[in-house]
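Okay, so here's the structure we're looking at.
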Amino acid sequence: MSAPVDAPSDDVTGDSPELKHSFLVHNYKIPTKCSHCRHLLVGFTKQGLHCKGCKMNVHQDCSDKLTKSCK
1 MSAPVDAPSD DVTGDSPELK HSFLVHNYKI PTKCSHCRHL LVGFTKQGLH
51 CKGCKMNVHQ DCSDKLTKSC K
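Following full-length UniProt numbering, the numbering of the sequence shown begins with 1 at its first residue and continues without gaps.
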């Protein structure tokens with residue numbers, strides 16, 4: 001049985017495992033800036049994506065450009 005994609009693997013070397021972001025479409029109630037480009041997430045609904053793990057907020061387009069793993 002394999003582990004979920006965003007689950008950490010057992011690491012015997014002592015290095016921290018890299019996690020992938022687990023983004024969900026999010027509706028923001030207050031003005032929020034994108035963690036990647038720093039522009040405002042705009043719209044009435046479904047303005048951007050919110051990571052369940054590290055709480056990062058990004059535009060849909062910016063999620064493809066991220067290089068950092070989830071913390």
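Note that the Cβ used here is the ideal one computed from N, Cα and C, for glycine as well.
### Task
Out of LYS52, PRO31, ARG38, point me to the one whose CA is closest to ASP61's CA.
Here residue 61 refers to the residue found at position 61 of the sequence shown. If we check each option's Cα against that of ASP61, ARG38 comes out closest.
### Message
My output table needs one value for CYS54: the three-state DSSP class, helix, strand or coil.
### Response
As a first step, residue 54 must be located in the sequence shown, where it is residue number 54. Coil, per DSSP.
### Task
Excluding the 5 residues preceding and the 5 following HIS26 in the sequence, name in chain order all residues of the same chain whose CB lies nearer than 8 Å to its CB.
Here residue 26 refers to the residue found at position 26 when the sequence shown is read from its first residue. Non-local C-beta neighbours of HIS26 in its own chain, meaning closer than 8 Å and more than five positions away in sequence, comprise LYS46, GLN47, GLY48, LEU49, HIS50, ASN57, ordered along the chain.
#### Entry: Contiguous alpha helix (DSSP H) assignments of at least 4 residues, all confined to the UniProt domain "Phorbol-ester/DAG-type" (20 to 70)
For the UniProt domain "Phorbol-ester/DAG-type" (20 to 70), whole alpha helix (DSSP H) runs of length 4 or above, ordered along the chain, are 60 to 63.
### Task
Within 10 angstroms of the Cβ of LEU41, are there 16 or more other Cβ atoms? Answer buried if so, exposed if not.
Position 41 of the sequence shown, counted from the start, is the residue given in the question as residue 41. So LEU41 ends up on the buried side.
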